[in-house]
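These notes concern the structure reproduced below.
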Amino acid sequence: MSTRTRPKGASTVGKSLRRLRRAVGSSLQVRMVLLATVSALLIGIVFMTASLYSVRTSLLNQVLRQAQADFAAELNRAQGGLDSADISDDEGSYQKLVVNMAANVQNEGAPNMVGVFIWPDDSTARRFVPVSTAPGDSDLITPEIRNAVVSNGSHSYSQMINTADKGQYPVPGIVMGSMLRPATTGGIEFYAIYSFADQQRSVLSVQMALLAVSVVTSVVMGIIVFLALHSVIRPVTKVAGAAKGLAQGESDVRVTEDRTDELGTLQRSFNVMADSINEKIGQLEEAEAYQRRFVSDVSHELRTPVTTIRMATDLLFQSRDDLDPNKRRTVELLDKQVSRFASMLEDLLEISRYEAGQTSLNPDLCDACDLVRKVVQQVAQIAGTKGVAVNALLPDHKVMITVDANRCTSILRNLVNNAIDFAEDGPVQLRLAVSEQAVVFSVRDWGTGIAPEDLTHIFERFWRADPSRSRLTGGTGLGLSIALDNTNLMHGLLQVRSQIGQGTWFLLTLPRDVSEQLDQGSAPVRFQPGQGLDVEGSFEEAAS
Numbered sequence: 453m454s455t456r457t458r459p460k461g462a463s464t465v466g467k468s469l470r471r472l473r474r475a476v477g478s479s480l481q482v483r484m485v486l487l488a489t490v491s492a493l494l495i496g497i498v499f500m501t502a503s504l505y506s507v508r509t510s511l512l513n514q515v516l517r518q519a520q521a522d523f524a525a526e527l528n529r530a531q532g533g534l535d536s537a538d539i540s541d542d543e544g545s546y547q548k549l550v551v552n553m554a555a556n557v558q559n560e561g562a563p564n565m566v567g568v569f570i571w572p573d574d575s576t577a578r579r580f581v582p583v584s585t586a587p588g589d590s591d592l593i594t595p596e597i598r599n600a601v602v603s604n605g606s607h608s609y610s611q612m613i614n615t616a617d618k619g620q621y622p623v624p625g626i627v628m629g630s631m632l633r634p635a636t637t638g639g640i641e642f643y644a645i646y647s648f649a650d651q652q653r654s655v656l657s658v659q660m661a662l663l664a665v666s667v668v669t670s671v672v673m674g675i676i677v678f679l680a681l682h683s684v685i686r687p688v689t690k691v692a693g694a695a696k697g698l699a700q701g702e703s704d705v706r707v708t709e710d711r712t713d714e715l716g717t718l719q720r721s722f723n724v725m726a727d728s729i730n731e732k733i734g735q736l737e738e739a740e741a742y743q744r745r746f747v748s749d750v751s752h753e754l755r756t757p758v759t760t761i762r763m764a765t766d767l768l769f770q771s772r773d774d775l776d777p778n779k780r781r782t783v784e785l786l787d788k789q790v791s792r793f794a795s796m797l798e799d800l801l802e803i804s805r806y807e808a809g810q811t812s813l814n815p816d817l818c819d820a821c822d823l824v825r826k827v828v829q830q831v832a833q834i835a836g837t838k839g840v841a842v843n844a845l846l847p848d849h850k851v852m853i854t855v856d857a858n859r860c861t862s863i864l865r866n867l868v869n870n871a872i873d874f875a876e877d878g879p880v881q882l883r884l885a886v887s888e889q890a891v892v893f894s895v896r897d898w899g900t901g902i903a904p905e906d907l908t909h910i911f912e913r914f915w916r917a918d919p920s921r922s923r924l925t926g927g928t929g930l931g932l933s934i935a936l937d938n939t940n941l942m943h944g945l946l947q948v949r950s951q952i953g954q955g956t957w958f959l960l961t962l963p964r965d966v967s968e969q970l971d972q973g974s975a976p977v978r979f980q981p982g983q984g985l986d987v988e989g990s991f992e993e994a995a996s
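Under the working numbering, the first residue of the sequence shown is numbered 453, with each subsequent residue one higher.
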């Protein structure tokens with residue numbers, strides 16, 4: 453089998469065109485220079501075409517008038533010589549007269565006369581051999597002009613032709629003809645061929661000069677536009693680079709204010725904007741730091757009284773059976789609300805530790821299935837209250853991983869609580885998928901789903917998709933944020949997909965040993981490309 457390969461030249465041209473296309477598309481300066489150069493070249497070509505047409509028409513009219521005048525003069529001279537000649541009956545003398553006549557016309561005619569042709573008419577009384585000073589060009593005299601001359605010999609006729617230059621290139625010319633009338637009866641056909649080779653060369657010289665001027669003008673125009681644009685684009689490019697640096701967090705970047713025109717205004721405006729942004733960022737950072745200190749201080753200050761309240765509530769709760777029904781109900785409600793408040797306080801303390809950089813991992817070898825079962829037990833009461841069935845489809849064998857068990861449990865509990873909130877009486881399903889390097893925890897519900905515009909915010913602190921929703925689990929909107937922080941701390945990956953009316957699906961992917969980095973390609977289950985609720989890979993088979 454033979455394979456066809458592209459010629460090397462074609463490949464090089466294709467690459468050059470692609471590079472030019474990229475340069476034109478990505479650079480305003482290149483576009484404008486190319487536009488100016490091409491425009492100047494097109495204008496030059498139009499001007500050159502118009503000028504050439506005018507010059508050629510003028511030269512053609514001039515040389516036609518000169519040829520007509522010269523032919524008329526030579527025709528009269530030949531007729532005069534013929535009238536004054538003493539022609540004997542000797543045909544040799546008559547032939548000699550005709551030859552001399554042709555030679556004299558050729559010698560005394562215009563320099564661009566390339567040939568003289570004298571032929572006897574069929575009606576002439578004296579027969580002679582046709583005479584020509586350029587026998588090779590006799591075929592340029594067409595039957596049309598001969599018929600016109602013979603039929604009305606009292607006029608001169610002309611016909612445009614193409615003659616051959618020295619380089620055998622066709623050049624314009626003209627054939628002119630008329631009749632000479634000897635004293636005897638009949639007539640003599642008289643023709644002359646004029647070449648416009650000199651005029652053709654003049655036109656070509658003018659054409660090359662105009663073309664050179666057009667090309668030089670286009671190049672000069674391109675250079676002028678390049679220099680003009682460079683002086684404009686360079687400061688704009690510097691401002692764009694500074695803006696890019698500012699967007700990437702380089703808050704101290706500024707541009708040099710070295711101009712007094714509109715570009716100088718742009719430079720000054722950018723620097724003022726950068727200063728204003730830095731000032732606003734400083735104010736926000738100060739407010740955020742104040743907020744963090746306030747939350748941290750309040751959380752720590754509340755820890756002791758909440759612990760005391762928790763102890764007192766536990767004592768009342770243990771003796772609730774000795775109380776009347778109204779007091780017992782009050783104690784049970786107090787116990788729930790104190791537990792909720794203690795959980796919220798723990799979340800705030802956890803956030804404070806993250807912000808202070810005081811978090812640490814305590815990895816230990818444990819069974820992933822046991823972690824899932826523990827979470828199911830912890831959420832059983834709230835799930836039962838909301839009528840949501842939480843199912844854990846786990847294998848009958850252990851799945852040993854080295855993780856921080858408390859943080860892993862916290863992540864799963866927050867994910868399951870979120871699923872219970874949005875399950876709408878539907879089930880919540882937990883599954884496992886394992887490979888040699890990674891483990892995937894799946895939390896899936898078939899509830900209301902989360903809107904796309906809300907899905908991008910669910911891991912933000914203090915954010916909830918529906919603040920008006922009645923949530924028995926309470927909370928501050930910190931659960932999923934803490935789950936993401938814990939995931940990152942264990943070098944994991946937390947992903948979510950959701951669709952309205954079809955539910956929400958979380959995938960928690962962790963390395964089997966959190967002391968190592970996660971290779972996402974080693975995940976046994978991952979979401980398929982797109983936004984649908986579909987995964988590729990398989991989960992562990994559940995025990996029967």
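Ideal placement from N, C-alpha and C gives every residue a C-beta, glycine not left out. Predicted, not measured: the structure shown is a model, and the values here were computed from it.
In the DSSP annotation of this structure, valine 831 is not part of any alpha helix (DSSP H), being labelled neither H nor E. Per the coordinates, the alpha-carbon of valine 507 lies some 18 Å from the alpha-carbon of serine 647. Straight-line measurement puts the Cα of aspartate 650 at about 33 Å from the Cα of valine 490. Cβ neighbours of glutamine 743 within its own chain (closer than 8 Å, five residues either side excluded): none. A direct Cα-Cα distance of roughly 37 Å separates cysteine 860 from aspartate 773. For the 8 Å CB-CB criterion, proline 815 and valine 750 do not form a contact. Around the beta carbon of phenylalanine 893, 16 or more other beta carbons sit within 10 angstroms, so the residue counts as buried.
For proline 976, there is no enclosing alpha helix (DSSP H), as DSSP gives it neither H nor E. For threonine 717, the closest alpha carbon among the candidates Gly697, Val688, Pro622 and Phe911 is that of Val688. For isoleucine 570, the uninterrupted beta strand (DSSP E) segment begins and ends at 565 to 572.
In this structure, the CA atom of threonine 669 is about 20 Å from the CA atom of leucine 656. Under the three-state reduction of DSSP, threonine 900 is assigned to coil, being neither helix nor strand. DSSP places leucine 960 inside the beta strand (DSSP E), whose first and last residues are 955 to 963. Taking a contact to require three or more Cβ pairs closer than 8 Å, the segment 484 to 498 and the segment 667 to 686 qualify as touching.
Glutamate 798 carries a helical assignment under DSSP once its states are collapsed to helix, strand and coil.
Ranked by Cα distance from glutamate 807, the options Cys821, Val886, Ser933 and Ser728 are led by Ser933. Taking the Cα of leucine 960 as reference, the smallest distance to any Cα among Gln719, Val868 and Ile952 is reached at Val868. Within the DSSP secondary-structure output, alanine 562 pairs in no beta bridge. DSSP lists Trp571 and Met631 as the beta-bridge partner residues of glutamate 641. Isoleucine 872 and phenylalanine 769 have their C-alpha atoms roughly 27 Å apart. In the three-state scheme derived from DSSP, where H, G and I count as helix and E and B as strand, methionine 500 is classed as helix. When secondary structure is reduced to three states using DSSP, glutamine 531 falls in the helix class. According to the DSSP assignment, leucine 970 belongs to no alpha helix (DSSP H), since it is labelled neither H nor E.
At the C-beta level, arginine 711 and glutamine 719 come within 8 Å of one another. In the DSSP assignment, no residue is bridged to tyrosine 505.
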